[in-house]
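For the protein sequence lines, the chains are A and B, in the order given. Residues in the first sequence are numbered from 0 upward in steps of one, following numbering that gives the first Met the number 0. Residues in the second sequence are numbered from 0 upward in steps of one, following numbering that gives the first Met the number 0.
2 protein chains.
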Amino acid sequence: MSKGALTRQAILHHGVEIAYHVGLGGLSIGTLAAGTGMSKSGLFAHFGSKESLQLDVLAQARSEFVDTVIRPALSMPRGEPRVRALFEKWLASGRARLPGGCLFVKAATEFDEQAGPVRDQLVRDHRDLYESIAQIFRTGISEGHFRADADPEQFAADLDGVMLAFYHANRLLDDPAAETRARNAFEALLSAARA
Amino acid sequence: MSKGALTRQAILHHGVEIAYHVGLGGLSIGTLAAGTGMSKSGLFAHFGSKESLQLDVLAQARSEFVDTVIRPALSMPRGEPRVRALFEKWLASGRARLPGGCLFVKAATEFDEQAGPVRDQLVRDHRDLYESIAQIFRTGISEGHFRADADPEQFAADLDGVMLAFYHANRLLDDPAAETRARNAFEALLSAARA
DNA sequence: TGACGAAACGAACGATCGTGCTATTCTCGC
DNA sequence: GCGAGAATAGCACGATCGTTCGTTTCGTCA
Numbered sequence: 000m001s002k003g004a005l006t007r008q009a010i011l012h013h014g015v016e017i018a019y020h021v022g023l024g025g026l027s028i029g030t031l032a033a034g035t036g037m038s039k040s041g042l043f044a045h046f047g048s049k050e051s052l053q054l055d056v057l058a059q060a061r062s063e064f065v066d067t068v069i070r071p072a073l074s075m076p077r078g079e080p081r082v083r084a085l086f087e088k089w090l091a092s093g094r095a096r097l098p099g100g101c102l103f104v105k106a107a108t109e110f111d112e113q114a115g116p117v118r119d120q121l122v123r124d125h126r127d128l129y130e131s132i133a134q135i136f137r138t139g140i141s142e143g144h145f146r147a148d149a150d151p152e153q154f155a156a157d158l159d160g161v162m163l164a165f166y167h168a169n170r171l172l173d174d175p176a177a178e179t180r181a182r183n184a185f186e187a188l189l190s191a192a193r194a
Numbered sequence: 000m001s002k003g004a005l006t007r008q009a010i011l012h013h014g015v016e017i018a019y020h021v022g023l024g025g026l027s028i029g030t031l032a033a034g035t036g037m038s039k040s041g042l043f044a045h046f047g048s049k050e051s052l053q054l055d056v057l058a059q060a061r062s063e064f065v066d067t068v069i070r071p072a073l074s075m076p077r078g079e080p081r082v083r084a085l086f087e088k089w090l091a092s093g094r095a096r097l098p099g100g101c102l103f104v105k106a107a108t109e110f111d112e113q114a115g116p117v118r119d120q121l122v123r124d125h126r127d128l129y130e131s132i133a134q135i136f137r138t139g140i141s142e143g144h145f146r147a148d149a150d151p152e153q154f155a156a157d158l159d160g161v162m163l164a165f166y167h168a169n170r171l172l173d174d175p176a177a178e179t180r181a182r183n184a185f186e187a188l189l190s191a192a193r194a
């Protein structure tokens, strides 16, 4: 990998880390440059605009989330084990405060009323996520683990809700029962899909 | 009401409206002053600091949310009707894009990793909300509408998750099925609490 | 009506924002 | 090892940020 691509990646890694604390809008080029030991203009040259930087940081977060949550789940056997692995990996990434998934939640609420390319990208990413969840759930139907008339899209929305509530309780409230509650809710979803 | 208190209230109303779009951090004194037709310094004098302004805007959002969601629900008969009214009012406030509740979700993700008085206040508000939900649910237990061993705190977390997923699907994705999904999830919660 | 306190204004501060330029340093293929 | 081109730095810009200060306008009550 060339020198430029290397520092670029280091910048984005730091960027995800910072944006995870202050949001994509709060991520400023000056502080990011200071954090990576670069000059403002030197860093800026890599992206050309702040919006482009935000999109690249978002792409980095997405790939980190896919690597730590989606892909490991897809390597599990089809059906309930795969669904369960998705949930566990997702939960673990939140517990460990991995910036990937968290940044997505933060960016989604930050930009949901601000039109522009960042919002458009977030919409695409969220749709992809929902589609991935639904697809993983469908393997559970075709394997006979879940009812044939279960609604995969409904399950995707429900699971997202469980995770969002977990993020809130875990990160804002520091509620030690957050994980237990998330597990209870997840098991309730599964048993409703089975019966 | 004195002149000062009147303009102050007008400022806060506008503040909630703006923060609902750009977040509490993105809410700047300059734009807020322009939006209310005041000078920056004249507006600033009402609050003394940006942080104080943020706290006051948050208090305004909280009171709007209590007025449009919590209080109407509490006026309904104890038990399931009250729980159902809470859900319906909450859903309606999201559908109508009333800034009150939405701003809370936005501020929660915005400040969940930024220590300070704003975060502390958000934690208190969120705990109060959860306690209110649990309390309303408990009236359903004592009225015999729900199982005696149902967990009110778990229900509060579950309902919050349903609403968070609804916000996401409704505001970011503009998903027309968002409301139906929220209703399905809510009914599933209720029937699980009954059986 | 005159006076006094509250309310709002105008101008300015230092800091930081994103973004251009130009120059310098570095990297890497020949 | 040299030269081309990429990578980074330095500096400055206009704008906006939160904040302060002194002044002016306004509301209210004696």
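Each residue gets a CB set at the ideal place from its N, CA and C atoms; glycine is no exception.
When 8 Å is used as the limit between beta carbons, R126 (chain B) is near these residues of chain A: L172, in chain order. Secondary structure of F103 (chain B) (DSSP, three-state): helix. Look at the stretch 13 to 35 of chain A: the residues with a C-beta under 8 Å from a C-beta of chain B are Y19, H20, V21, G22, G24, G25.
Nearest in C-alpha terms to S51 (chain A), of all of A:R170, A:G115, A:F154, is A:G115.
DSSP places R146 (chain B) in the coil class of the three-state scheme, outside both helix and strand.
Counting only residues of its own chain and dropping the five nearest sequence neighbours on each side, P98 (chain B) has a CB closer than 8 Å to the CB of V15, E16, A18, Y19, A60, E63.
The Cβ atoms of A192 (chain B) and F154 (chain B) sit closer than 9 Å to each other. The Cβ of R193 (chain B) sits no closer than 9 Å to any Cβ of chain A. Listed along chain A are Q153, A156, each with a C-beta nearer than 7 Å to that of R180 (chain B). A distance below 7 Å between beta-carbons, with the five flanking residues on each side excluded, links S38 (chain A) to the following residues of its chain, in chain order: A32. Listed in chain order, the positions of the stretch 98 to 111 of chain A with a beta carbon within less than 7 Å of a beta carbon of chain B are V104, K105, A107, T108, E109, D111.
E109 (chain B) sits close to G22 (chain B), with the two beta carbons spaced by under 9 Å. The alpha-carbon separation between S131 (chain A) and G41 (chain A) amounts to approximately 38 Å.
Excluding its 5 nearest sequence neighbours in each direction, G139 (chain A) has C-beta neighbours in its own chain below 6 Å: G78, E79, V82, F145, listed in chain order. The C-beta distance from V104 (chain B) to Y166 (chain B) rounds to 6 Å, short enough to fall under 8 Å. In this structure, K88 (chain A) sits near A72 (chain A), with a CB-CB distance shorter than 9 Å.
The beta carbons of L90 (chain B) and H125 (chain A) sit about 20 Å from each other, so the pair does not count as a contact at 8 Å. Taking C-beta separations shorter than 8 Å and ignoring five residues to either side along the sequence, the partners of H13 (chain B) in its chain run L31, G34, T35, following chain order.
Counting only Cβ-Cβ distances below 8 Å, Q113 (chain A) has contacts in chain B at H20, V21, in chain order.
For P116 (chain B), the enclosing alpha helix (DSSP H) covers residues 116 to 141.
Annotated three-state conformation of M0 (chain A) is coil, per DSSP. Contact note: L189 (chain B) does not reach chain A at a C-beta cutoff of 8 Å; the least C-beta distance is about 12 Å. Proximity of chain A to V161 (chain B) at the Cβ level (cut-off 7 Å) is accounted for by G160, in chain order. In the DSSP assignment, N183 (chain B) falls within the unbroken alpha helix (DSSP H) covering 177 to 193. DSSP, reduced to helix, strand and coil, places Q113 (chain B) outside both helices and strands of the structure shown, so it counts as coil. For a cut-off of 8 Å, the C-beta gap from I135 (chain A) to L54 (chain A) is around 27 Å, too long to register as a contact. Measuring C-alpha to C-alpha distances from A95 (chain A) to each of A:A194, A:D150, A:V68 identifies A:V68 as the nearest.
The three-state secondary structure of G29 (chain A), taken from DSSP, is helix. Around the beta-carbon of R170 (chain B), 16 or more other beta-carbon atoms lie within 10 Å, marking it buried.
Going by DSSP, F43 (chain B) is part of the alpha helix (DSSP H) stretching over 39 to 43. Counting only the Cα atoms, M0 (chain A) lies some 10 Å from Q8 (chain A). A residue is called buried when at least 16 other Cβ atoms come within 10 angstroms of its Cβ; S190 (chain B) does not meet this threshold and is exposed. Within the model, the alpha-carbon separation for D148 (chain A) versus E186 (chain B) is close to 17 Å. For R70 (chain B), not one C-beta of chain A is nearer than 9 Å to its own C-beta.
Following the DSSP letters along the chain, one finds V161 (chain B) inside the alpha helix (DSSP H) bounded by residues 151 to 166. Cβ neighbours of A177 (chain B) within its own chain (closer than 6 Å, five residues either side excluded): F165, A168, N169.
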